[in-house]
Each structure stands twice: as structure tokens, then as C-alpha cells.
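J.: If you scroll down you'll find the structure; I have some questions about it.
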Ligand SMILES: Cc1ncc(COP(=O)(O)O)c(C=O)c1O
């Protein structure tokens with residue numbers, strides 16, 4: 025059976041269940057409620073989505089992408105993660121991060137958890153951001169599987185500071201009688217729960233210096249680290265030099281179906297393959313994900329420079345439409361706040377954009393702010409065409 029892009033997206037929308045979206049889904053996923061029919065999709069333009077970090081490829085498009093990659097240079101399979109496209113991807117990440125070694129894992133959750141487990145050695149406490157994926161979205165794996173006690177830092181703030189870390193350490197030192205060790209601290213950057221904003225590099229450097237002095241290991245959940253690097257101008261290698269291990273996702277801005285890379289010193293990374301196996305994560309072949317991520321890596325920096333240029337242009341041009349107000353987020357990356365004039369129905373606007381121009385917009389939060397996410401799908405059209413599509417949609421929904 026052939027799965028068309030539109031069927032895929034329609035089913036994806038249904039599966040997401042608008043009212044019950046788990047957090048790890050692009051936050052405000054779908055504003056459109058109406059399920060378009062084939063006839064209604066007049067427009068065969070490539071999808072421009074404002075709801076994710078990547079292209080949101082349908083299975084058909086993904087197969088096409090693999091075919092293109094394979095035609096350029098035959099994809100070599102890996103065998104239980106060894107060799108082929110997977111090894112090439114790991115080598116590429118060693119170069120990018122400047123770390124000694126890199127290893128593919130099936131998920132970022134596993135990368136975070138194994139990094140914490142291995143870096144922490146026999147210590148039980150791990151200090152992690154309270155708003156992080158590690159703390160809130162990994163189903164208490166640290167506690168229930170790895171015998172590590174996660175302690176949340178910086179509650180209510182986008183990121184914790186060195187002072188927060190020191191105060192928390194002092195608190196546990198003073199208030200607990202039977203001491204147990206702390207071996208690892210983690211940081212997430214960009215911060216998903218703070219609208220993908222970044223932590224200033226000075227802040228990271230301070231924490232890193234302190235951790236080194238005290239002998240604590242430092243892990244980075246950099247699921248979207250390329251996006252942070254593109255917006256801040258701090259290179260991935262510069263970020264990475266502050267950490268003992270760094271995880272980067274393969275399926276967000278790198279468009280693979282799944283997967284993660286964990287980079288670090290050889291003494292840690294060499295232990296990871298065995299850990300993946302004992303937790304049941306060693307899959308026979310992974311090339312279908314790693315070949316696509318490797319392909320995306322080729323021009324990821326160039327692409328994000330262009331995405332930012334187009335996004336800056338859109339902020340200026342769309343703000344000239346009286347019914348639209350787009351603002352940037354402090355320390356922000358690829359998420360922008362969009363507020364519509366109260367007379368504009370988001371549902372109508374989203375339906376119009378989707379059906380007429382194949383543009384996908386997210387839903388609004390309780391404060392009526394729509395989180396506009398940009399990604400490489402922006403590069404599929406002329407920037408002026410994107411502005412025209414919004415102008416046309418606003419005129420039509422005002423009628
Ligand atoms: C910041 C962050 N870390 C880790 C993960 C986990 O990745 P995975 O879905 O591969 O387990 C996610 C996924 O959404 C994430 O946003």
C-alpha cells in the first residue's frame with residue numbers, strides 16, 4: 025500500500041489527539057481541525073511547517089530521500105551498529121564535537137540515561153535542570169532502572185546558574201545526615217521547556233569550571249545543539265569542550281526517523297555499546313536513520329544560516345500585516361511568538377494556509393500565543409511567496 029504524504033499527515037494529526045498531546049510532541053502541534061480531502065489540497069507545493077525542528081517527512085518522502093542519498097553514493101549498512109553509514113556518522117560527530125569518540129543509540133532518552141549512569145559511577149545523586157527532558161520526560165528511568173537519584177535544579181527558571189548549583193549542593197550537604205555522593209551534573213541546551221532558548225555560554229563555562237574543580241562530571245543534553253550554535257554563533261565544538269559527554273538528536277533538525285549520538289572521552293563511550301545491549305537497545309541495522317542524519321549533516325550549518333535569514337525577513341515582513349504580531353524570545357532560537365488580532369480566527373487562518381498553500385501552523389496556548397517554529401522547510405519557497413501566502417490568508421479569513 026502506498027502511503028501518501030497527505031494521508032501520513034492526516035493520520036499523524038489524528039494519532040496526536042489534539043487534546044492529549046504529550047509534551048515531547050512539538051508543543052502546539054496542529055491548529056487545523058478540519059481534515060482536508062484530496063480534492064481540497066489544490067496545492068502541491070512542498071510542505072512548509074511552522075511546527076517542528078525538521079522537515080516532518082512522510083514515509084513516502086523519507087523513502088525518496090533515502091533513494092536520493094543511495095543514488096549519490098550507495099548506502100552501506102551497519103551490523104548491530106558497527107560499520108557502514110552508522111560508523112561514518114559517528115566519525116563525523118567526533119570531528120564536529122572534538123570529542124574522542126561517538127556512538128549511535130536508538131534514542132536520546134537512552135543516551136541521557138546511560139551518560140548519567142556511567143559518568144556518575146557509584147555515586148547516587150545526579151543534579152539536572154528541573155525543567156529538562158531528563159528530569160521530567162524520561163519516566164524516572166534514572167531512579168527506577170539505574171539507581172540514580174535525580175535532583176532538580178533551577179525550578180521556575182529557564183536555566184540554573186552556578187549560584188543555584190552551589191546552593192543546592194550546600195542544602196543537601198547540610199540537611200542530609202547520611203551522605204551519598206554526587207558524580208554528575210547535566211545541562212540542557214537549547215531548553216525545550218523554555219521555548220528552545222539557549223543558556224549564555226558564560227554561564228555554561230562557569231558551571232563547567234566549577235564542576236572540574238570539584239570533580240563532578242558534566243553532561244549536555246544538546247538534542248538540538250546545531251540550532252543553538254546557529255543562533256548564538258558558539259560552535260558545537262566550543263559548547264562540547266565544556267562537557268564530558270554530549271548528546272545530539274538525529275531526528276529533530278537532522279530529519280532521521282529516530283536516533284541519537286553520544287560523544288565523549290573513550291573511557292566512557294567504550295562502555296556504552298555493552299550498556300545499550302543489556303537494556304535491549306542494540307538493533308540489527310540502523311542505516312535507514314544514520315544515512316539520513318549523515319546526509320543532513322553535510323550542509324546543516326549553511327542551511328541554518330539561511331533559515332535564520334529567512335526567519336528574520338519574515339519577522340519584519342509579516343509584522344507589517346496589521347493583524348499579525350511576531351516577536352523574538354529572549355536568548356531564543358527557532359521558536360517565535362505569534363499573536364493574532366482578536367478578530368482573526370486561528371482555526372480559519374490555519375485551515376486556509378494549509379489547504380491553499382500547504383503551510384502548517386501550530387495551535388495557540390492558553391495566552392493565545394502561537395509558537396511559530398522554523399526549520400529547513402522554510403527554504404522550500406521564495407521568502408516573498410511565504411509572506412504573500414500569509415497576506416492572502418489574512419485577507420480571506422477577514423471576509
Ligand atoms: C531536549 C530533549 N532531550 C531528549 C529527548 C529525547 O529524545 P528521544 O525521543 O530520542 O528519546 C528529547 C525529545 O524530544 C528532547 O527534546
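Numbering (my numbering), first residue to last: 25 to 423. Glycine is no exception: its CB is placed at the ideal position from the N, C-alpha and C atoms.
Below 8 angstroms, how does it come out for the stretch 313 to 323 and the stretch 96 to 116: are there three or more Cβ pairs, yes or no?
T.: Yes, the stretch 313 to 323 is in contact with the stretch 96 to 116.
J.: Would the beta-carbon of residue 131 be found less than 7 angstroms away from any heavy atom of ligand 1?
T.: Yes; taking the cut-off as 7 angstroms, the Cβ of residue 131 has a heavy atom of ligand 1 nearer than that.
J.: I need the straight-line Cα distance from residue 141 to residue 210, nearest angstrom please.
T.: The straight-line gap from Cα to Cα measures roughly 12 angstroms.
J.: Using 8 angstroms for Cβ pairs, my map puts residue 159 next to residue 174. What's the rounded Cβ distance?
T.: With a Cβ gap of about 6 angstroms, residue 159 and residue 174 count as contacting.
J.: Would you say the beta carbon of residue 245 comes nearer than 7 angstroms to a heavy atom of ligand 1?
T.: Checking the Cβ of residue 245 against ligand 1 gives yes.
J.: Which runs of the beta strand (DSSP E) at least 3 residues long sit entirely within the stretch 116 to 146? Give them in chain order.
T.: Whole beta strand (DSSP E) segments, 3+ residues: 125 to 129.
J.: Out of curiosity, what's the CA-to-CA distance linking residue 326 and residue 276?
T.: Computed Cα separation, rounded: 17 angstroms.
J.: Per DSSP, what kind of secondary structure is residue 73 in: helix, strand or coil?
T.: Three-state DSSP puts residue 73 in a strand.
J.: Using a Cβ-Cβ cut-off of 6 angstroms (strictly less than) and excluding sequence neighbours within five positions of residue 280, which residues of its own chain qualify?
T.: Closer than 6 angstroms at Cβ, skipping near neighbours: 274, 313, 316, 317.
J.: Can you give me the Cβ contacts of residue 156 inside the same chain, cut-off strictly under 6 angstroms, excluding the 5 residues immediately before and after it?
T.: Contacts found: 212.
J.: Quick one: any contact between the stretch 371 to 379 and the stretch 352 to 361, if contact means 3 or more CB pairs under 8 angstroms?
T.: No, they do not touch.
J.: What are the boundary residues of the alpha helix (DSSP H) that includes residue 314?
T.: Its alpha helix (DSSP H) spans residues 311 to 322.
J.: Given a cut-off of 8 angstroms on the beta-carbon distance, is the pair residue 132 and residue 311 in contact?
T.: No; because the gap between Cβ atoms is not below 8 angstroms, this pair is not in contact.
J.: Relative to the C-alpha of residue 407, which candidate in 341, 391, 367 has its C-alpha closest?
T.: That would be 341, whose Cα lies nearest to the Cα of residue 407.
J.: Is residue 298 buried or exposed, if buried means 16 or more other CB atoms sit within 10 Å of its CB?
T.: With fewer than 16 Cβ atoms within 10 Å of its Cβ, residue 298 is classed as exposed.
J.: The beta strand (DSSP E) that contains residue 243, what's its start and end?
T.: Its beta strand (DSSP E) spans residues 241 to 245.
J.: Flag this pair as yes or no: are the beta carbons of residue 254 and residue 329 separated by less than 8 angstroms?
T.: Yes, these two residues count as a Cβ contact at 8 angstroms.
J.: For residue 323, tell me which candidate among 304, 120, 75, 238 has the shortest Cα-Cα distance.
T.: Of 304, 120, 75, 238, the residue nearest in Cα terms is 120.
J.: For residue 177 versus residue 214, is the C-beta distance shorter than 8 angstroms?
T.: No, Cβ-Cβ distance for residue 177 and residue 214 is not below 8 angstroms.
J.: Given a cut-off of 8 angstroms, decide if residue 271 and residue 445 are closer than it, judged by their beta-carbon atoms.
T.: Outside the displayed range of the chain (25 to 423) lies residue 445, so it cannot be described from this structure.
J.: Helix, strand or coil: how does DSSP classify residue 349 here?
T.: Reduced to three states, the DSSP call for residue 349 is strand.
J.: Please determine, among 381, 218, 397, the residue with the shortest C-alpha to C-alpha distance to residue 420.
T.: Looking at the Cα atoms, 381 is the closest of the given residues.
J.: Would you call the stretch 254 to 265 and the stretch 219 to 235 touching, i.e. three or more CB-CB distances under 8 angstroms?
T.: The stretch 254 to 265, when compared against the stretch 219 to 235, does touch it at the 8 angstroms Cβ threshold.
J.: Please identify the residue among 296, 269, 295 whose C-alpha is closest to the C-alpha of residue 288.
T.: When each option's Cα is compared against that of residue 288, the closest is 269.
J.: My output table needs one value for residue 222: the three-state DSSP class, helix, strand or coil.
T.: Coil, per DSSP.
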